[in-house]
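Those protein sequence lines, which keep their order, are chains A and B. For the first sequence, position 203 (counting from the first letter as 1) is numbered 204 according to the working numbering, and the numbering increases by one without interruption. For the second sequence, position 62 (counting from the first letter as 1) is numbered 496 according to the working numbering, and the numbering increases by one without interruption. A short worksheet on the structure shown next.
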Amino acid sequence: MATAAITAEREHYLNKEYGIRSWLLTTDHKRIALLYLASITFFFFIGGFFALLIRLELLTPAGDLVQADTYNKLFTMHGQIMVFFFLIPSIPAVLGNFLVPLMIGAKDLAFPRINLLSWYLYIIAGVLMFHCIVTGGVDTGWTFYTPFSTAFSNTHVIEAGLSIFVAGFSSILTGLNFVVTIHRMRAPGMTWSRLPLFLWAMYATSIIQLLGTPVLAVTLVLVVCERAFHLGIFDPTRGGDPLLFQHLFWFYSHPAVYIMILPSMGVVAEIVPCFSRKRIFGYKFVAMSSIAIAVFGFLVWAHHMFVAGISLYSAMIFSALSYLVAVPSAVKVFNWTATMYKGSISFTTPMLYAFGFVGLFTMGGLTGLFLAALGINVHVTDTYFVIAHFHYIMVGGAVMGYMAGIHFWWPKISGRMYPEAWGRLAALIVFLGFNLTFFPQFILGYLGMPRRYWQYPPEFQVLNVLSTAGSTILAVGYVLPMVYFLWSMRYGKIADDNPWGAAGLEWKTASPPPTFNFDETPEVTWEAYNYEEIPAPAEVALER
Amino acid sequence: MFDNFPLWPVRASSGAGNVDALYIFLVILSAFMSVAIFTMILVFALRYRRRAGINAEQIEGSTPLELTWSIIPLGIFIVIFIWGAVIYFMERTPPRGATEVYVVAKQWMWKLQHEEGQREINELHVPVGRDVKLIMTSQDVIHSFYVPAFRIKQDVLPGRYTTAWFHATKSGTYHLFCAEYCGTMHSGMIGQVVVMEPADYQAWLAGGGASGSLAASGSSIFQQLGCPTCHRFDTQGRGPNLVGIFGKPVQLEDGRTVVADENYIRESILSPSAKVVSGFKPIMPVFQGLVTEEQLTALVAYIKSLGPPPAGAATAPSLAPKPQYPKE
């Protein structure tokens, strides 16, 4: 009772104003982060529902649960929603929005109104996509390959293309805002070499969003124009080239993988030091590896096209460059592991997700070595091996990192603690369900089961049944946090300003923070991750 | 018992073993690396778990260690890259003298034409022990020709030819999948490759209802379309003499040189003005939309069969079917 009275007295960003207007017209980066949180969660569960239907259809070799056309729409919209409406905005637009100003000691982002605009663009795109879904959907695959998308599909390609076009601008504006904010609005003493690694990762991500997304926008405009006006850019009967589309598409969509994974790497680089009570091992190398990944990531797109009909020698160059981008990723894994050495480690929910991230990302990365090897790529590309590989990166990596981050910063966001025991249980369920879902798909892929198959030869059934079983476990693992986070907003234990004893500036203000974040502009006189100077929290804060 | 639960794909081509070898190497390497990382995390997590009164030891990092774990992986990656590239180079370089099979893909079936004239749908019969080169194109969208037992896959594009090759080593029936999403019945675009002992294959060839070789049917299409009017087998025609041009460099009007391969012949039939041979006028009519993909492959096979010419002789095709075109 006493604690409730205290929170009621102190003004913060959540209780400063009430009412729908105060949310829809807000320019507070923290409130916009929550608007994003609600919207991407909505799309995550729609995309997840489609995924479950896909897995149920694949329970039996025959195409029996849904029609072939329906199945094709399901995997298309699962991909488009998860990539463009969940993964790409996930950490940047939610945690990035919330944390970038807090971590550098600023009052808000550089352009608060543009920040709100980017959410509205996301919503416009989302409404278009949702309309597209309920009026019949689209069946091109999330990759929109021509000439199928431009001349053969008779679904709502133009609407889906425009929706993603608009979503792209939302992403560009968020990236722009972060770049300017990180350059211009750091508190006194917050030098580049004191920047938390999450911000290095966000900075690298923003650069990719700024440079890559316009190419996607142009590509989608070309697809829409070709479909509407038969321009002949991709149509071989008019002198066009369908492979040109693939080059343009992957020029964005490969770096987009790093838009999804780099922020998660940043989250893990915050969490592992905190729960090891240690400096990060090799700060400069972890920071620079983010930049290296962002730069090299732009030079590997054609590794999606080794069997598409590109020349022998360009395939070799792109294969070699793909191995180059694997080095900074490996460096990160080694540094996170080394950070734990001689630490003082506690097993909180965020740390468990971080462990899961490191393990699953390692497996995703290692199987990437298979795919970059030209001779093996020919056999396993466009099979379930690829599906398994990129889900290890995007779900095992990006989503695990997102879950880790949401748990870690939830006390700061909501002012409440989530129930720790439930959190650990959910993390375990996600980890087991994930592996049961996707590990069998590596074997399926090497056996030769092609992706995007509505029906399949019966010898692939046992592995598909395992995968479907795993997906239901995974679903439970994702619904649980949804439930206990909502529960904790009302009934969770009141959080201290710094319940984890973490080092970032965001923990030096109240939980939840006041509207302008800090009562007075902080001055930074210490290095990042100065855990020798911060006492570990009492165990009471960790248990329950 | 593994009929319903196979864990390894059948190996039925000369190249499959190479792919499997690198794959096994990578599986072992990955297993080793995963176990190493997982063990380290587990050991650190337990050994250094939080205890009252024991604080973490602060370590800044170590440049020698960073260089070590950058350079060693890079070295391993270079080995994998070279190994993979060598296999790819072999996969992408058909041996000389391989038997050619023309493949036309369409929503949602595979149409195959043998040099001997046999036509098949969703089935490809080949003998054990022969190099087979596939010359493939699509009538509509992008498809992909994938035979897991041979470890080969190649996208099949509209508007151009792509190639793949294999050398079957084991008789049996293997899946032929379309591996590039191509619309409603993508998963129904399945066929089979039937690999036969040479004697069985000869029997199959003899039993088929082939009406003359592919080049012969190309020859009659060549006549029907009136090509010989200009493409005469001497130097007097308004178009280039086609004898022996296949696979040879051709000097173009704009000074470039291209090799007269399948794609060049195809392009020169469909949109002749794209690359005009030096010394000729762009007077040939456009055949885009007037010939089917099957007719095109027959024409390509015919033009291939016109050569190579005997050394020094520019006329008198020795290997070609006797010119049957009307004299004007």
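Glycine residues also receive a C-beta, built at the ideal position from the N, C-alpha and C atoms.
Neighbour flag for residue i against chain B, beta carbons, 8 Å
i: valine 541 (chain A); result: Note that valine 541 (chain A) scores a pLDDT of 41, beneath 50, so its modelled location is shaky; the value from the coordinates is reported in the next line. Judged by the 8 Å Cβ criterion, valine 541 (chain A) is not in contact with chain B.
i: arginine 545 (chain A); result: Residue placement at arginine 545 (chain A) is flagged as unreliable, the pLDDT there being 39, under the threshold of 50; the coordinate-derived value follows with that caveat. No - not a single Cβ of chain B is within 8 Å of the one on arginine 545 (chain A).
i: leucine 487 (chain A); result: no
i: isoleucine 444 (chain A); result: yes
i: tyrosine 354 (chain A); result: no
i: leucine 448 (chain A); result: yes
i: isoleucine 1 (chain A); result: Shown here, chain A extends from 2 to 545; a query on residue 1 (chain A) therefore has no answer.
i: arginine 228 (chain A); result: no
Continuous beta strand (DSSP E) stretch holding residue i: start and end
i: lysine 413 (chain A); result: From DSSP, lysine 413 (chain A) is part of no beta strand (DSSP E) but of the alpha helix (DSSP H) over 401-415.
i: arginine 491 (chain A); result: Taken as a continuous stretch (DSSP letters only), arginine 491 (chain A) belongs to no beta strand (DSSP E), being part of the alpha helix (DSSP H) at 462-492.
i: cysteine 612 (chain B); result: 606-612
i: proline 561 (chain B); result: 557-561
i: tyrosine 385 (chain A); result: Per DSSP, tyrosine 385 (chain A) belongs to no beta strand (DSSP E); it is in the alpha helix (DSSP H), 385-392.
i: methionine 630 (chain B); result: 625-630
i: methionine 406 (chain B); result: This structure does not reach residue 406 (chain B), given that chain B is present from 435 up to 762, and the question cannot be answered.
i: alanine 539 (chain B); result: 533-540
i: aspartate 65 (chain A); result: It is not in any beta strand (DSSP E) - aspartate 65 (chain A) carries neither H nor E in the DSSP assignment.
i: valine 684 (chain B); result: 683-685
i: serine 578 (chain B); result: 577-581
Pick from the options that is closest to residue i, judged by C-alpha positions
i: threonine 71 (chain A); options: A:Thr141, A:Val387, A:Gly240; result: A:Thr141
i: proline 561 (chain B); options: B:Ser468, B:Thr669, B:Gly606, B:Met467; result: B:Gly606
i: proline 507 (chain B); options: A:Gly360, A:Leu249, A:Arg417, A:Lys333; result: A:Lys333
i: leucine 506 (chain A); options: A:Leu433, A:Asn436, A:Lys413; result: A:Lys413
i: leucine 730 (chain B); options: B:Ile699, B:Asn556, B:Ile510, B:Ser739; result: B:Ile699
i: valine 387 (chain A); options: A:Gly416, A:Ser347, A:Phe335, A:Arg453; result: A:Arg453
i: arginine 484 (chain B); options: A:Gly376, A:Met395, A:Trp302, A:Arg278; result: A:Arg278
i: lysine 738 (chain B); options: B:Ala694, B:Thr669, B:Ile717, B:Glu701; result: B:Ala694
i: threonine 618 (chain B); options: A:Thr156, A:Leu249, A:Leu174; result: A:Thr156
i: proline 215 (chain A); options: A:Asn465, A:Trp527, A:Met261, A:Phe170; result: A:Phe170
Near the ligand MG: residue i beta-carbon under 7 Å from a heavy atom
i: isoleucine 124 (chain A); result: Because no ligand of any kind appears in the structure shown, any question about the ligand MG cannot be addressed here.
C-beta neighbour in chain A for residue i, strict 8 Å
i: methionine 435 (chain B); result: Only weak support is given to the placement of methionine 435 (chain B): the predicted model assigns it a pLDDT of 37, under 50, and the question is left unresolved by the model.
i: valine 710 (chain B); result: no
i: proline 582 (chain B); result: yes
i: arginine 483 (chain B); result: yes
i: glutamate 557 (chain B); result: no
i: glycine 509 (chain B); result: no
i: leucine 441 (chain B); result: yes
i: isoleucine 471 (chain B); result: yes
i: cysteine 616 (chain B); result: yes
i: isoleucine 462 (chain B); result: no
i: alanine 479 (chain B); result: yes
Residue i: first and last residue of the uninterrupted alpha helix (DSSP H) it sits in
i: methionine 570 (chain B); result: Counting along the chain, methionine 570 (chain B) falls outside any alpha helix (DSSP H), though it belongs to the beta strand (DSSP E) covering 565-572.
i: aspartate 70 (chain A); result: 69-81
i: tyrosine 736 (chain B); result: 727-739
i: tryptophan 423 (chain A); result: 421-448
i: glutamine 588 (chain B); result: Glutamine 588 (chain B) -> not in any alpha helix (DSSP H); beta strand (DSSP E) instead, spanning 586-590.
i: tryptophan 251 (chain A); result: 243-277
i: alanine 570 (chain A); result: The displayed coordinates of chain A run from 2 to 545. Any statement about residue 570 (chain A) would go beyond what the structure contains.
i: phenylalanine 112 (chain A); result: Looking at the DSSP string, phenylalanine 112 (chain A) is not in any alpha helix (DSSP H), and its letter there is neither H nor E.
i: histidine 665 (chain B); result: First-last for histidine 665 (chain B): undefined, no H or E at that position.
Per-residue contacts from residue i into chain C (C-beta, under 8 Å)
i: asparagine 452 (chain B); result: Absent from the structure is chain C; the protein chains it does hold are A and B.
Using Cβ-Cβ distances below 7 Å, what residues of the segment 67-81 of chain A are close to chain B?
The residues in question are Ala69, Asp70, Asn73.
Can you list, in chain order, the residues of the segment 29-48 of chain A whose Cβ is nearer than 8 Å to any Cβ on chain B?
none
Does the count of Cβ pairs from the segment 521-535 of chain B and the segment 622-634 of chain B closer than 8 Å reach three?
The segment 521-535 of chain B, when compared against the segment 622-634 of chain B, does not touch it at the 8 Å Cβ threshold.
Cβ contact check for the segment 345-361 of chain A and the segment 421-428 of chain A: 3 or more pairs under 8 Å
With the cut-off at 8 Å, the segment 345-361 of chain A and the segment 421-428 of chain A touch.
Anything in the segment 717-739 of chain B with a Cβ closer than 8 Å to a Cβ of chain A? List those residues in chain order, please.
Under the 8 Å Cβ criterion, the segment 717-739 of chain B contributes Gln722, Gly723.
Can you confirm whether the segment 142-162 of chain A touches the segment 176-189 of chain A when touching is taken to mean that 3 or more C-beta pairs between the two stretches lie within less than 8 Å?
no
Can you give me, in chain order, the residues of the segment 563-577 of chain B that have a beta carbon less than 8 Å from any beta carbon in chain A?
Asp574, Val575, Ile576
Can you give me, in chain order, the residues of the segment 674-706 of chain B that have a beta carbon less than 8 Å from any beta carbon in chain A?
Ser705
The segment 94-114 of chain A touching the segment 62-79 of chain A, judged by at least three CB pairs closer than 8 Å
no
Could you tell me whether the segment 221-235 of chain A touches the segment 450-460 of chain B, using the rule of 3 or more Cβ pairs below 8 Å?
no
Quick check: the segment 279-296 of chain A against the segment 569-585 of chain B, are at least 3 beta-carbon pairs closer than 8 Å?
no
Listed in chain order, which residues of the segment 301-324 of chain A have Cβ atoms closer than 7 Å to some Cβ of chain B?
Val308, Ala309, Gly310, Leu313, Ala316, Met317, Ser320, Ala321, Tyr324
Under 8 Å, with one C-beta from each stretch per pair, do the segment 376-387 of chain A and the segment 329-349 of chain A reach the 3-pair mark?
no
Touch test, the segment 433-446 of chain A against the segment 471-483 of chain A, Cβ-Cβ under 8 Å, three pairs minimum:
yes
Do the segment 35-52 of chain A and the segment 76-94 of chain A meet, that is, are 3 or more Cβ pairs less than 8 Å apart?
yes
Please list the residues of the segment 593-615 of chain B that have a C-beta atom closer than 8 Å to any C-beta atom in chain A, keeping them in chain order.
Gly593, Arg594, Thr596, His609, Phe611, Cys612, Ala613, Glu614, Tyr615
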